[in-house]
Structure formats: structure tokens, C-alpha cells
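Taken in sequence, the protein lines are chains C and Y.
Using the numbering used here, read the first sequence as starting at 455 and increasing by one per residue.
Using the numbering used here, read the second sequence as starting at 455 and increasing by one per residue.
All C-beta atoms, glycine included, are put in the ideal place defined by N, C-alpha and C.
Computed from a prediction, not measured in an experiment: that's the story for all the values here.
There are 2 protein chains.
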Amino acid sequence: MAKENQYVEQIADINGDFPQWYTDVVLKTKLVDYGPVKGTMVIRPYGYAIWENIQNELNARFKKRGVQNAYFPLLIPMSFFTKEAEHVEGFAPEVAVVTVAGGETLAEPLAIRPTSETIIGTMCAKWVQSYRDLPLKVNQWCNVMRWEKTTRPFLRTSEFLWQEGHTVHASAKEAEEETLGMLETYKEFMETCLAIPVLTGRKTEKERFAGAIETYTMEAMMKDGKSLQSGTSHYLGQKFATAFDIKYLGNEGTLQTAYTTSWGVSTRLIGAVIMTHGDERGLVLPPVVAPTQCVIVPIAARKGGVLERCEALKAELEGAGIRVTLDATDNSPGWKFNEWEMKGVPVRIELGPRDIEAGKMLCARRDTCEKVEMPLENAAESVKALLSTIQKDMLEAARVRRDNRIVYADDMDGILAGVEAGNFVKAGWCGCRECEDKVKEKTAATARVYAEGESTEKCAVCGKEAKHVIVYARAY
Amino acid sequence: MAKENQYVEQIADINGDFPQWYTDVVLKTKLVDYGPVKGTMVIRPYGYAIWENIQNELNARFKKRGVQNAYFPLLIPMSFFTKEAEHVEGFAPEVAVVTVAGGETLAEPLAIRPTSETIIGTMCAKWVQSYRDLPLKVNQWCNVMRWEKTTRPFLRTSEFLWQEGHTVHASAKEAEEETLGMLETYKEFMETCLAIPVLTGRKTEKERFAGAIETYTMEAMMKDGKSLQSGTSHYLGQKFATAFDIKYLGNEGTLQTAYTTSWGVSTRLIGAVIMTHGDERGLVLPPVVAPTQCVIVPIAARKGGVLERCEALKAELEGAGIRVTLDATDNSPGWKFNEWEMKGVPVRIELGPRDIEAGKMLCARRDTCEKVEMPLENAAESVKALLSTIQKDMLEAARVRRDNRIVYADDMDGILAGVEAGNFVKAGWCGCRECEDKVKEKTAATARVYAEGESTEKCAVCGKEAKHVIVYARAY
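Right, here's the structure in full:
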């Protein structure tokens, strides 16, 4: 038994030390490793496969929205940033700068992109000439760099991978619709693919993207009650179009300034998956993005016919499009159970001589730890159905967990008590920066998102009339 | 007619001014655009879609070879390069260097990766402990940077996209087999997917990758007779394993130094496709990687039922997995023909009222410009077969073109005359650097690849005994 529990013992207690649990899980399941430069990460094959599944799911959705993938240069002249005043203020302090190249000092230093509004804006100004060129919708999957002081794998690293979509429109209305439409697409993706429920809505001015008119966010609750900003969609109005001169000839013959949007999600999402679903045994991966959806563990593997039957089952499941691993190593079944549980594989099938004789297989669900006996006949169909059930149940379980931890507060003490207990706290807000700052100062919680459509009487801080209800939480 | 020929007129004559033809084609078909920083490119959606198709095809092949995708950091400490003496000598002059980040001067400057042997070697040293960890095979799709003086879109730019595979093995034999196995995989991919025949073999010492024991290359002939190095596979022996301390405990209990390989292809391949198949009308894309494989052009589109029938045909073809565009714009059919020919779409279907009545469609092949009438019944099957025929015929045509332009030479005059006429020239070589340098000096041709398995009597330069036959060519 000692050996069988070795992994569990190696992972810190999720309820006792959540940050250490996170670090243990990401390293021991080989999702990620620390890079040699401080604040960088190496995404190992098991982690990268999750990212590839995320990419495939999002690409299909982007395509439906008429978005095309492209690639823009990594290096941006520093002068580009200064064209949009708020933008440079927000990003300049975090930029990594190339000053030497090809053995020579550069005349103008070049920034490694922290985000690409400026360079894509420059190109769009060239490509957009007439209303016929609109809407223009491009996306790129790439690396970006923001020099951070404190870093954690997936959550905050100096370099990370993301997608950034950029669209150009003829009217404010169309651009606003695109901003909100993409937010809806993201939300549907989060729920359907990652089994993560999200609160969506506007950010306060303070939390807005540098240069945006309006930033919409998705906030997800992690198991420690903290919020993780999982993606944002920005309505940029004419701010970047004016700064980068994106103009088009309207169909009535006059030159018009365009409207733009941008939106993105990053490898942070892998962190969101870990901290939304993980448990004391390690990862719990949603089937849609799990690199291995089903692991087959042979029982009494040396007995005649067992391995062959396992191979045949593997082939059958793969034929149905299921991602399967057959663990035919020399380790004991118990060791394998722990290993694959830690790695979060949604379904484990145990198959031994007696099962085969009885025409059955034992399926263990990672999410609920339940075991179900199922016939070997039509195995692919049963496993597919089970994966689909797991996917839905994981979302539902996450939603219940979160909803049970959304509380209301009338005053600062209430907000503090709420976030201390690991909740999202809804509270009235007068709309002034001073009150927002005070909440952060006293509770370490920030305004995550407007509770859209909700209203209350008083600001929890100053007691004046509340203009909005805000969701406060501590955040990653 | 003037309008219908406008595109053709805009492209320089492929036989008169090949470099200008290339520039015209890449810009006018919107494959690429120049970035704001000198030497950078923006890969536009039409170009990026080709790259995505290349990625999908290669990923499937890598997976079969047991290679897993991962992601390693962009920035590499300068000190890493100096650990392998030849490597630093080869790459240091081309490196772009980050010296400032987060508002502070860095203690150690960081290089933007020109290639990742050093950082991946560092990580592998950590991951490889025992013979059980071997072989280790990882690949990454990423951007790299090499500061170049003269640049051309896809062919040579300061930043480009590529994949770099890195493997670690227990023995020299296994690593050598991997190096050659990957070369074979690349060659099969080039022929099957890009319809480009390649000469494969070793590079001379002078042309070797900085730090490799042996570099294997694929050389493809462009329509101007120049060679394009299309991919390389390097056997690194123990050079990097020694420099980065990649050691493993053998099954007999002693510590052993590992053997490594690396191999890569880049967005250069898009340039290879353009210059292998393109003609006076523009691009000619091989069906396997063409973003649009088939365009449907309605004839007399306003006539009742025509557009509807075109939509139905589109749906039918898409249902069979064909990438289809229906051009329902207001432009004239002639204008559309030119547009889609310039963009290199393999098959154009013309469908008008008379065709529909007769139950037929007119299919125009981009590669041969032939038109074939085919029944509308089972259209998907016919179009699939036609695409497959085009793919094979394009490879065959390219092979014949190339083979007709491989000549032999006995002396320097022969080499010069051969390359001047746009040929690959095979000639004997004694094996000394001096003779290799002389060929370059007198003919501007370089030793592209060993003509493996061939032999001849004399070195074409010094007249001494030939140890090898070399393929000389001018190159991109």
C-alpha cells in the first residue's frame, strides 16, 4: 500500500496548502517545468497537448465567426506604443526590449510584443481602404512577453502563449456586437470544453485593458475561492483606429474612421482547469481537452489473452475517435491507478481475465471516483456516453460549488468576511475610484466584474447611492 | 478583355524577371506583406492557411514517429551558446539580444532563440536520468530569429516560423537512424504533400549546421534553376550532450553520455511551393496544402436556380472533406477566373444554366490549364479523384523539369556553364575546402549536397582523385 500511495503522499494537501498543491500537481504530472530564465516555463508534452486541444476547439469556433488566422511580427518599434497614450502607459513598464541585433546596436529599440494592437493596427491601416474590406477579422496564435516580478506556471509567466483576435468594423454598433459575440463564444467554450462556469460582464475603468473603451471579462472561481480572469474581449472604439489611421472609404464616398476590437485567451486556461477541477489526488481533466481520455489497465496482464483483449479494446475505442492509452508497463495495477488518477485521465478501464470471461469491463470515473461495470460489447459507444456524462457533470459540479460561494455584502466588513471565507462577494458600488481602491486596500479583493443586470441601494464602502453591483474577489 | 487580364498584367514575366515575379505573386495573392521593421514579414491568412495545412500533415507524421509537441522559452541566456564552441561561432553574429526588461537592464543579456539546441539540451539534462527515459523525442512549432542583411518573404527574414525537433538516444546507432529516418519522413512529406521532388544527402563540412557531426539536407530545384534548402536533419553525436551534460544511467548501472539529433523545416517551404510550381499566371498550389482546393464560379449567376445549384454543389463537396469556395461576388466570370488562377486554386468549376440542364460541370485544372466536362452526379467523388490526379501530376511534372536540368561537369568551366544555364551540376570533388571555396568564388554556386552513391574519377577543380560527387547549384 505504501508504494501505491506514493504519489498522493507527494502532493501537498489541497485543503491545507493550495499553492503548494498547485505547484506539486503541475510539476509531478509533467504539465510544465521551470525554464532556466527566472519567470519562464517549459510547457511539457502533457501540458502542450491540452493546449493543442484548446486550440482546435477555439479555431473551429473562430472559423464559424469568420475569423482567419495569420501571423504578425514579434518585434514592435517602441515608437508604435506611444501612438496610443493609455496603451503605452499600461504596457511600457512590462516590456522586454531588444537593443542589439546582428552584432550592432539598433537605431530604434524594439519591444517584444506584450500584445499586438499596435502592429496589427498598422497593418490594417494598409489593408483597409474601402467599406468592402470590412469587417476584417484576424487572429494569431503566438507567444507574448510581459516582464512580471512574481510568476507561477501557466498563471503568470514572463512569456506565455495565447491567441489574440483583432477585428475592424465600419460602425460602432458592429464592433460592439463583435466584442460581445466573442465573449459569448468564449463563455460557451469555457463551459462546453473546459467545464468551467464563468461570470461575464464589464470591467471597471481601473481594471480595463490599456486603451480600451470597454473591457468584458470572464471570471472563474478556483477551488480556493479566488477568481481567475480567464479571457477578455475589448471594445476599442476609434481609439486605435485614430492612432493608427485605419480609415475606409464609405459606400457614400466619404473617408471614415473605423472601429476595432481585440480579444484573447492564453495558456492561463490550463491553470484554470487545474484549479477548478483538481482534487486531493491531483488533476481532474475534462474529457474534451484531456490528452488521454481513457486509460486501459490490464489486470493479471500475464494471463493468456488479457493483453490481447486490451489491445483489441484500445483499437476499438481509438476507431471511435477516443484518445486512449494502454498501460502495459510492469508496474502494479495499484501503482498505475494512482499514476493515472494524478494525471487526471477521465476514465480508467480495468480489464482482467474474469471480466473478459464475463464480457464486462470495470470503468472508474476520475471526477466522482465511482466505478461502473459495463459490457464489453459496444464498448466504444458506452465509453463515449460516459465521457459525455463526465463532461456535463463536471460543469454542473463546478457550477454548484461556485454558486454556493457567491455571497452578498452590505459593508466593508461583509466584503472582508466574504473573501476571507473564500467567496465571490457581490456588493453595491457608487462608481467612484476611491471606494474601489479602499476595498482593495482593506480586503486584498479587487472588482472582478460588474454583476450585470443586478442592482442594490447603497455602496458598501461609502454608503452613497449604488450605481452598480460589483463582484469582488481575491484574484490570480 | 483588358479588365480580365489585369492581374496577369500586374505580375512580372516569370521568364524575364523571376525575382520580381516572386515578389509580385506573394504580395498580390495576399500570402504575405512586409512588416514595419526591416526584414520582417506578416503572414496573411492565405499564406498562413498553407502553413496550417503543412503543420497538420507534419504533426501526423511526427506522431507516428513517437514525437511529442512541447514549448520551450523564447529567450536563452547568452552564456548557453558558449557551451558548444562551434555553435556559438555559427549563431552569435545573427542573434537579436534583449538587454532591458521591465524597465531594468538585465544582469545577463538574453538571446532570442535562433534555434533551441542549447535550451532544450539544458532541459533534457534534467529530464533524462535513466535509460528508461530514452529515447526522448520532442518537437516545437515556434518563431525563431536570425538577423539577416538581405531578406525576402518566406525565403529569408529576420523572424520566421518553423518546427524544430530534438531527440535524445542511448546509442550513436539509434541517433543516426533517427536522423536518417526523419530525413526520409521529410522527403515523403515533400513529395506527397508539396509535390516537390528533393535530392537528399549529406552536406559538406563547410555547409554543416554549427555544432553538428553530420547535416543531412533536402535540396529542391526552383523554376529558375536555383536550389532551395528545404529542410535539414542533424546528427549531433555527443557534442551537445557533453556540453549540456545529458547523461543517463545505463541498464548495466554506469553513467553514459547520450546522443542527440535535431531537425527542422520552416515557412521557407511556402517559398519552395511558389517557386517550384508557379507559372506566368501566378500561384499553382498542390491540392494537399491549398487553402481552397476547389472554387465554384457560377455562370449567368442571376438566372434562376444557378446560385442554388452552386450552393448545393458546394455543400456536397464540403461534405466530402474538400475545401471549397463559392465565388458569388458581382465580378465577371472572366475576372474571377484570373483571380483564382493567380491564387493557384487547383480546380475551378464553372456552372451555368446549360451545364445544370445537361447535368454537367466544367472543371478547369490549374496545373495543366485543361478543361474537363464531368457529370454533376457523384461530383464529390469526381473532384476528389481529380485533385488526387493533379497532386500526382504536379510531382511528376516537377520531377521531369528537375531531372532535365541535372547535368555533369568535368571542370570549372563546365560547372560555370551549367549553373549559368540554370542547372544543378554534378561534379567530382577531392574533398578539400580550397576546391569547394573556388567553385563558389568563380561560379557563385555552392556545394548543395553529396550525390550519395555516385562516384567519378577526378575533382573538377584541382584534377586530383575525386572522393565524392557533389551537386553544385546557386541557392536561395
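How would you label residue i, buried or exposed, when you count the other beta carbons within 10 angstroms and need 16 or more for buried?
i       : result
G575(Y) : buried
V854(C) : exposed
E673(C) : buried
A881(C) : buried
Q594(C) : buried
T931(Y) : Residue 931(Y) is absent from the model: chain Y starts at 455 and stops at 930.
Q683(Y) : buried
Q617(C) : buried
K768(Y) : buried
N507(C) : buried
K790(Y) : buried
C823(C) : exposed
The ligand GTP heavy atoms versus the CB of residue i: any closer than 8 Å?
i       : result
E511(C) : Summarising the ligand content, the structure contains no ligands, and the ligand GTP is consequently not present.
Who are the neighbours of residue i on chain C, taking C-beta pairs under 8 Å?
i       : result
D699(Y) : Under the 8 Å cutoff, chain C gives no residues; its nearest Cβ is about 13 Å from D699(Y).
L682(Y) : The premise fails here: L682(Y) is roughly 21 Å from chain C at the closest Cβ pair, so nothing lies under 8 Å.
What's the gap between the Cα of residue i and the Cα of residue j?
i       : j       : result
C796(C) : G736(C) : Residue identity check: residue 796(C) is Met in the sequence provided, not Cys. Cα to Cα, the separation comes out at about 4 Å.
C647(C) : L528(C) : 30 Å
T900(C) : F545(C) : 20 Å
Y461(C) : I468(C) : Its pLDDT being 48, under 50, Y461(C) is placed unreliably by the model, and nothing is read from it.
E645(Y) : F526(C) : 29 Å
S681(C) : I667(C) : 23 Å
A401(Y) : T621(C) : This structure leaves residue 401(Y) out entirely; chain Y is present only between 455 and 930.
E543(C) : Y862(C) : 35 Å
D471(C) : K641(C) : 30 Å
E911(Y) : P651(Y) : 28 Å
I860(Y) : L840(Y) : 30 Å
F694(C) : K591(C) : 15 Å
W883(C) : G685(C) : 24 Å
T721(Y) : E511(C) : 24 Å
S716(C) : A629(Y) : 46 Å
T572(C) : F878(C) : 35 Å
K457(C) : Q522(Y) : With a pLDDT of only 43 at K457(C), under 50, the local geometry of the prediction cannot be trusted, and the value read off the model is given with reservation. Whole-angstrom Cα-Cα distance: 29 Å.
N459(C) : R820(C) : For N459(C), the predicted structure reports a pLDDT of 46, less than 50, and the residue's modelled location is therefore unreliable. A value from the coordinates is still provided. Whole-angstrom Cα-Cα distance: 16 Å.
T477(Y) : C748(Y) : 25 Å
Taking Cβ-Cβ distances shorter than 7 Å, what residues in chain C pair up with residue i?
i       : result
W717(Y) : What W717(Y) touches in chain C: nothing, since even the nearest Cβ is about 17 Å away.
Can you list the residues of chain Y that residue i reaches, using a CB-CB cut of under 8 Å?
i       : result
Y502(C) : Q522, N523, A524, Y525
V592(C) : P499
N510(C) : Ordered by position in chain Y, no residue passes the 8 Å Cβ test against N510(C), which lies about 10 Å from the chain.
P531(C) : P490, V491
N877(C) : Here the premise fails: no neighbours, minimum Cβ distance about 34 Å.
What would DSSP say about residue i, mapped onto helix, strand or coil?
i       : result
E562(Y) : strand
D487(C) : strand
M828(C) : strand
A769(Y) : helix
F608(C) : coil
M455(Y) : Legend: pLDDT at M455(Y) = 35, less than 50; position of this residue unreliable, value from coordinates given subsequently. Residue state, collapsed to three classes: coil.
S625(C) : coil
I497(C) : strand
I504(C) : helix
N705(C) : coil
C596(C) : strand
D471(Y) : coil
D891(Y) : helix
Y476(C) : helix
A712(C) : coil
What residues of chain Y sit near residue i, judged by a beta carbon separation below 9 Å?
i       : result
V551(C) : V552, T553, V554, A555
At 9 Å on the CB atoms, spell out the chain C contacts of residue i, in chain order.
i       : result
E548(Y) : A555, G556, G557
Going along chain Y, which residues have a C-beta under 7 Å from residue i?
i       : result
L703(C) : The contacting residues do not exist; L703(C) stays about 17 Å from chain Y at best.
Report the residues of the region 829 to 863 of chain Y with a CB closer than 8 Å to any CB of chain C, ordered along the chain. From the region 829 to 863 of chain Y, no residue has a Cβ closer than 8 Å to chain C.
Output, in sequence order along the chain, the residues in the region 556 to 577 of chain Y whose CB is closer than 8 Å to any CB in chain C. Taking 8 Å as the Cβ-Cβ cut-off against chain C, the residues of the region 556 to 577 of chain Y that qualify are G556, G557, P563, L564, I566, I573, T576, M577.
Taking a cut of 8 Å between CB atoms, which residues from the region 462 to 495 of chain Y lie near chain C? Here the close residues are D487, G489, P490, V491, T494, M495.
At a CB distance below 7 Å, what residues from the region 764 to 779 of chain C approach chain Y? Give them in sequence order. The residues in question: there are none.
Members of the region 600 to 626 of chain C that neighbour chain Y once the beta carbon cut-off is set at 7 Å: Per Cβ criterion, the list reads W601, E613, L615.
Mind checking the region 734 to 748 of chain Y against chain C and listing, in chain order, the residues whose C-beta falls within less than 9 Å of any C-beta there? With the criterion set as a beta carbon lying under 9 Å from some beta carbon of chain C, the region 734 to 748 of chain Y has no members that meet it.
Selection of the region 780 to 793 of chain Y by Cβ proximity to chain C, strictly under 7 Å: Cβ contacts with chain C: none found.
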